[in-house]
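Position 169 of the sequence shown, counting from 1, maps to 496 under our numbering, and the rest follow consecutively.
Positions of the beta carbon are idealized from the N, C-alpha and C atoms, including for glycine.
Accompanying notes for the structure given below.
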Amino acid sequence: MAEQERMIEAILFATAEPITVRELEARLPHGCDAAEALVYLRKRYEGRGVQVMKIGDAWAIRTAADLGFLMQKETIETRKLSRAAIETLAIIAYHQPATRAEIEEIRGVSVSRGTVDQLLEMEWIRFGRRRMTPGRPVTFVVTQHFLDHFGLENARDLPGLKELRAAGLLENRPSPSALPGPENDDDIEEVEGQSELFED
Numbered sequence: 328m329a330e331q332e333r334m335i336e337a338i339l340f341a342t343a344e345p346i347t348v349r350e351l352e353a354r355l356p357h358g359c360d361a362a363e364a365l366v367y368l369r370k371r372y373e374g375r376g377v378q379v380m381k382i383g384d385a386w387a388i389r390t391a392a393d394l395g396f397l398m399q400k401e402t403i404e405t406r407k408l409s410r411a412a413i414e415t416l417a418i419i420a421y422h423q424p425a426t427r428a429e430i431e432e433i434r435g436v437s438v439s440r441g442t443v444d445q446l447l448e449m450e451w452i453r454f455g456r457r458r459m460t461p462g463r464p465v466t467f468v469v470t471q472h473f474l475d476h477f478g479l480e481n482a483r484d485l486p487g488l489k490e491l492r493a494a495g496l497l498e499n500r501p502s503p504s505a506l507p508g509p510e511n512d513d514d515i516e517e518v519e520g521q522s523e524l525f526e527d
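Right, dumping it as C-alpha cells:
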C-alpha cells in the first residue's frame, strides 16, 4: 500500500488537472487499489502545506486553504465578471441543472448570449442533459473547474443564506424585481435578426 501511495502521489503531483480514480487505476499496475491508497494519502497530508483534495469525482494536490495568501503574487488576475454573469453563475450553481428559461425567471430579465458564452468559455459551466419537457430545453451545470477554483468538493458545499448574510454578501432588502419602476439591466442585448443560442 505504501508503494501505491507513492505512485499516486507522483501522478497527482505531476498532473495539473484533477484526475479520477478510474484514470489513476488505468496508470497503476494491475491489482492496485487507487481508492484505498487515496484515503491513506489524504490522511498523510493532513495539516501539511499541501493537501490531497477531492474535487467532484476527481482528486488533486492543492495548497492548504489557510496558506493561500502566500500564493497571491503567483496568481494571474482574470477579467472581472459582469453583475449579470455573476447572477447567472450563482443561479446555475445553486439551482443546477437549470435551463435558460429558469435562469431568466429567477433573475427577472433576459439572459444574453454573451453572458452564457463567457461562462462556457471560462469552463465554469457546461451543458447538462436536456429536460424531458416540451421543446427539450438544454440545462446548465457547474464544472470541476468551478469547484476547483472555489475549493469545493461538490456544489452542495456552497455557502447557505445564513453564511452569506454573516459574511456581509447578502442584504436584507427586497429583490430588484419587487421594486417599482422600469427594469434596468445591462444584460438585455438581443440584436434584431440575431439567432438565439438556445431555443426552449
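Should Ala391 and Pro345 be called a contact, given that it needs their Cβ atoms to be closer than 8 Å?
As a working mapping, residue 391 is identified with position 64 in the sequence shown. As a working mapping, residue 345 is identified with position 18 in the sequence shown. No, the pair does not count as a contact, with Cβ atoms beyond the cut-off.
According to DSSP, simplified to helix, strand and coil, what is Gln423?
Locating residue 423 in the sequence shown gives position 96, where the first residue counts as 1. Gln423: coil per DSSP, three-state reduction.
Taking the runs of the beta strand (DSSP E) that are 3 residues or longer, which of them lie wholly in the region 346-411?
377-382 and 385-390
So, at 8 Å on beta carbons, what are the nonlocal neighbours of His472 in its own chain, with the 5 sequence-adjacent residues on each side left out?
One-based indexing of the sequence shown puts residue 472 at position 145. So the qualifying residues of the chain are Met449, Glu450 and Trp451.
Quick check on Phe467: buried or exposed, where buried means 16 or more other Cβ atoms within 10 Å of its Cβ?
Here the question's residue 467 lines up with position 140 in the sequence shown. It counts as buried.
Taking only the alpha-carbon atoms, compute the straight-line gap between Arg410 and Val438 and give it to the nearest angstrom.
In the sequence shown, the residue the question calls residue 410 occupies position 83. In the sequence shown, the residue the question calls residue 438 occupies position 111. Roughly 12 Å between the two C-alpha positions.
Paired residues, beta bridge with Ile452 - DSSP
Residue numbering aside, residue 452 sits at position 125 when the sequence shown is read from its first letter. Ile452 pairs with Val469.
Between which two residues does the alpha helix (DSSP H) harbouring Phe340 extend?
Along the sequence shown, one-based indexing puts residue 340 at 13. Here the alpha helix (DSSP H) through Phe340 covers Ala329 to Ala341.
Minimum C-alpha distance to Ala385 - residue among Glu490, Leu474 and Glu330
Within the sequence shown, residue 385 is the residue found at index 58, counting from 1. Closest option to Ala385, Cα to Cα, is Leu474.
Quick check: what's the CA-CA separation for Glu373 versus Val379?
Sequence index remark: in the sequence shown, residue 373 carries index 46 (1-based). Sequence index remark: in the sequence shown, residue 379 carries index 52 (1-based). About 8 Å.
Quick check: the Cα distance between Ile419 and Leu485, rounded to an integer number of angstroms?
Working through the sequence shown from its first residue, we reach residue 419 at position 92. Working through the sequence shown from its first residue, we reach residue 485 at position 158. C-alpha separation (whole angstroms): 12 Å.
Given a threshold of 16 other Cβ atoms within 10 Å of its Cβ, counted over all protein chains shown, does Val443 qualify as buried or as exposed?
Position 116 of the sequence shown, counted from the start, is the residue given in the question as residue 443. With 16 or more Cβ atoms within 10 Å of its Cβ, Val443 is classed as buried.
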